[in-house]
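Under the working numbering, think of the first position of the sequence shown as 15, with each following residue one higher. Using N, Cα and C, we set each Cβ at its ideal position, and we do this for glycine too. Computed from a predicted structure; not experimentally measured. Report on the structure given below.
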Amino acid sequence: MSGETKSQLPKPGRGIHWTRIRAFLSGYSLVFGEATSDQRGRVLLVVVLSGLGATLQGASLGLLGFFVNRMTDPRSVELPFGTFVIGENAPSIVLLSASVFALMVATAGATYGAARLARAVGRRFQRRASRSILESLGRLGGRDRRPAMSRDDAALLAIRTTRNLGRAIQNTLQALPGLAQLIVALGIAVHLDARLTLGLAPLALVLLPALYVFSGSVQRNSKAFYDEGIGQMARRVRQLVAAIDASRVGHASGQVGGRLYDEDPQIGRYLDLFDGQQLAVRRSNFITSVFRACSILLLLAIAGYNALKDAFSWGELVAYVGALGYVLNNVQMLAGVFTQLNRFYPHVQKFVAWRDMVAGAGSTEIAAPRGPAGDLILKIPDDAAASAGETVVVKPGGALTCWTPLVLGRLSFWEVVRPLVRAGSLPVETWGRAEFVGDGEFLGTASLERHVFGDAPPPGGSAVLAGWLAALGVSEEIVAWPGGTAAPIDAARFSAASRELRAAIRLLPLVASQAPLVILTGSTLAQTSESFRRALLALFDDRVLIVLCRSVTLPVPEIGTVVVSDGTRIVGAGSPRWFEEFPLVTRMASGGDVAVLEEDDDDDGDV
């Protein structure tokens, strides 16, 4: 990495882990605050039921200890209707047993009620968030016939992201009863023997991280297997079947298929993911078994301690052991809850990005900073440093290229451009009329002219379209089609087109829309010629073009890193450590006016 580039990057700050924790908590507090904005009564009732359940649990432990003491040492109690000996006759035993049972059932009922209310809060938030997302689509740019995001994009955010947000809120609220019971049980244990309880605390400090780590391993391996492995396996098997059919070698096709299966690295990758997922489950089961064995050993050690020291009465011993059991169970439960929350946090990030983007599009206070020549001035904030960040001047017709470690699936580009929106760098009219295009499935059936200009093309639209096609160097290919530009462009014809023509079909409607801000994925331009990219840049002569590129090979360690380039050098970054570990980015940023990362030609890679 050159010295010039290094000098422009902020120095790595300390306390990065605390920064992440604060970001994690702030993200959840924001979503939780919105979820409870119109459900304060329900959330308050969850808190009340959690406290009630914990109180009933403590009362049941106290009554259980009293019951055991009276079984070993019956005592008489003066009641209004006479003297009653507790622990000496059947009615007293039945009364105490029924009381302990009733308190335990009431504890379970309060916990169940809190869980039901937590689920209701999560579902209500999911419905409200989904509705707000769909209602906001019309304000986020794009024309009526070509919205800024496709129906699949909107469905993914409005269904999957909000569903996981609802589950995250539900898990957060459902953790309250366990947390309250943990506090009460710890209080009882400390009250009975503070020294012994504090002496056992280091054991929890060892077991809790182990539970968290192994539970997180199961989540990561399962996600990799189900999200990546199964889909790639299905696609690859279909490709192998097509290769076998194309070979047409009769009975030898079976041998060809078997050899292709054995030699294919993607099949091996799928099997490795499956083995990793199964191994992670077995490890989690193992640590859970060890946790339970340690719990039994701990209880036996406490019984031995009491036999030697005579520290407890029998009732106190039972209450202490019961409290410690509640502590262990709730610690194990909370470890699983926080693992789930960590898995849901990327969806929290997407939702927060959406909120910021909607706020930026609807605000009337954001200025439009421009230089004396009409240049758009972008402010790239840097959370890792105390400075105000880098200032980038983008000439009209210039290109701003962003690299992000986020997998550029649907809508993750909002997370990339969020710093620009939050800083008020893009004017309202620019962002509100932004257009986005990805490299997913193409479903158009109209002719090229109707696809570009809509149902009412402008006068001379055919000549304008012909000029654009000639400038991009794809006019000969489109003219060779039966029917030319008037022929319908279905999915089969689109797939058979060259990479340049496919990119032109996707991007020419954005040229015709006159959108001031155009955002596209790098895979849209990947493997296109340099002349095509330069010609495309010339068509966007008065717009700001943001190209989002992703890498499928570099293991990026941090979430949210954004690398900004003006096409010739790196001018801003969200994480300097990423630059230090991956200097390849410097070479990618020096490839010309539109620097595009060459990616695999897998149309399903972005979805």
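**Request:** Measure how close the beta-carbons of leucine 77 and alanine 203 come, nearest whole angstrom, since I'm counting them as under 8 Å.
**Result:** The pair is not a contact, with the Cβ atoms about 17 Å apart (cut-off 8 Å).
**Request:** On a CA-only basis, which of Val341, Gly67, Pro191 is nearest threonine 211? Give me that one, please.
**Result:** Val341
**Item:** Buried or exposed by the 16-neighbour rule on C-beta atoms within 10 Å, applied to aspartate 286
**Value:** exposed
**Asked** Cα separation between alanine 143 and glutamate 149?
**Response** 10 Å
**Item:** Three-state secondary structure assigned by DSSP to proline 502
**Value:** strand
**Alpha-carbon spacing of valine 525 relative to alanine 518, whole angstroms** = 10 Å
**Request:** Per DSSP, which residues does serine 461 bridge with? Please list them.
**Result:** Pro502
**Request:** Evaluate alanine 510 with the Cβ neighbour count: other Cβ atoms within 10 Å of its Cβ, from every protein chain shown; 16 or more gives buried, anything less gives exposed.
**Result:** exposed
**Prompt:** Going by alpha carbons, who is nearest to alanine 124 out of Gln140, Gly201, Gln195, Phe288?
**Reply:** Gln195
**Asked** Do leucine 206 and valine 60 have their CB atoms nearer than 7 Å?
**Response** no
**Request:** Starting from glycine 201, trace the alpha helix (DSSP H) both ways and give me its first and last residue.
**Result:** 176–206
**Asked** Quick one: what does DSSP say valine 108 is sitting in, helix, strand or coil?
**Response** helix
**Item:** arginine 56 beta carbon less than 7 Å from that of valine 114
**Value:** no
**Request:** Kindly indicate which three-state DSSP category valine 335 falls into: helix, strand or coil?
**Result:** helix
**Prompt:** Going straight from the alpha carbon of serine 476 to that of alanine 494, what length do you get?
**Reply:** 16 Å
**Item:** Euclidean distance between Cα positions of leucine 622 and serine 543
**Value:** The requested residue 622 does not occur in the structure, where the chain is confined to residues 15 to 621.
**Request:** With DSSP as the reference, label valine 532 as helix, strand or coil.
**Result:** strand
**Item:** alpha helix (DSSP H) segment containing serine 489, residue limits
**Value:** 489–493
**Message:** Quick check on DSSP: helix, strand or coil for glycine 497?
**Reply:** coil
**Prompt:** Excluding the five sequence neighbours on either side, which residues of its own chain have a C-beta within less than 6 Å of the C-beta of alanine 120, listed in chain order?
**Reply:** Leu70
**Message:** Considering just the uninterrupted stretch of the alpha helix (DSSP H) at alanine 549, what are its terminal residues?
**Reply:** 544–553
**Prompt:** In terms of alpha-carbon separation, which member of Ile173, Leu348, Leu75 lies closest to asparagine 185?
**Reply:** Leu348
**Prompt:** Quick one, which of Gly329, Arg145, Tyr334 has its alpha-carbon nearest arginine 209's?
**Reply:** Tyr334
**Request:** Confirm, please, whether the CB-CB distance from leucine 462 to threonine 499 is below 7 Å.
**Result:** yes
**Message:** Looking only at its chain, what residues have a beta carbon closer than 6 Å to the beta carbon of alanine 128, apart from the 5 residues adjacent to it on each side?
**Reply:** Val60, Leu63, Ser64, Pro191
**Prompt:** If you draw a straight line from the alpha carbon of isoleucine 147 to that of threonine 175, how long is it in whole angstroms?
**Reply:** 11 Å
**Close beta carbons around valine 332, own chain, < 7 Å, minus the five adjacent residues each side** = Leu78, Gly79, Val82
**Request:** Let me know the secondary structure DSSP gives glycine 136 once reduced to three states.
**Result:** helix
**7 Å CB neighbourhood of arginine 516 in its chain, flanking five on each side removed** = Phe508
**Request:** Identify, in the order they occur along the chain, each residue of the same chain with its Cβ nearer than 8 Å to the Cβ of leucine 314, setting aside the five sequence neighbours on each side.
**Result:** none
**Request:** Note down the Cα distance separating arginine 54 from alanine 199, rounded to an integer number of angstroms.
**Result:** 28 Å
**Asked** If you compare alpha carbons, which of Gly329, Trp328, Pro216, Ser327 is closest to cysteine 308?
**Response** Pro216
**Asked** Would the beta-carbon of asparagine 178 fall within 7 Å of that of phenylalanine 352?
**Response** no
**Message:** Taking the alpha helix (DSSP H) that proline 523 belongs to, which residues open and close that run?
**Reply:** 513–527
**Asked** What's the call for arginine 141, buried or exposed, on a 16-neighbour Cβ count within 10 Å?
**Response** exposed
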